[in-house]
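Report on one structure; see the data block that follows.
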Amino acid sequence: MYWKKSLSEKGISFENVSPNKSSSAKKLPSAHKISEAYENVCVEFEVSQKAYDRINAKIADISEALANASMKKAATEEKIIDGTVNYVVVSGDGTWKTRGHTSLIESVH
């Protein structure tokens, strides 16, 4: 059994290829657009629950740090664009979906 790597528009995927023709090959997508990629890899490699939980915790920590850095960068860019220093208007009620369009949705600024 070996792994065959392939590249598509969705990203990289790995195919579990068995020398035995009667065995079905299993594709393990690992692109960011495909959900459950980590679950598939962990199941295929028989990772223990404890190791799986540690992997998920690391992914969550890194995702949170990346999200925070991205939001800080966006806030800085917004301040530069608007010329504001002390405040940024943030929509938390879905009005961002109608930005630039007339709508019956009212928001308080």
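Residue 235 in this note's numbering sits at position 80 of the sequence shown, and the numbers go up by one each step.
Ideal placement from N, C-alpha and C gives every residue a C-beta, glycine not left out.
May I have the straight-line CA-CA distance separating residue i from residue j, to the nearest angstrom?
{"i": "residue 234", "j": "residue 223", "result": "17 Å"}
{"i": "residue 225", "j": "residue 202", "result": "31 Å"}
{"i": "residue 219", "j": "residue 212", "result": "10 Å"}
{"i": "residue 228", "j": "residue 214", "result": "21 Å"}
{"i": "residue 267", "j": "residue 208", "result": "Residue numbering for the chain in the displayed model covers 156 to 264; residue 267 lies beyond these limits and cannot be assessed."}
{"i": "residue 238", "j": "residue 204", "result": "50 Å"}
I'd like the list of long-range same chain contacts for residue i, defined as Cβ closer than 6 Å, with 5 residues on each side in sequence excluded.
{"i": "residue 221", "result": "none"}
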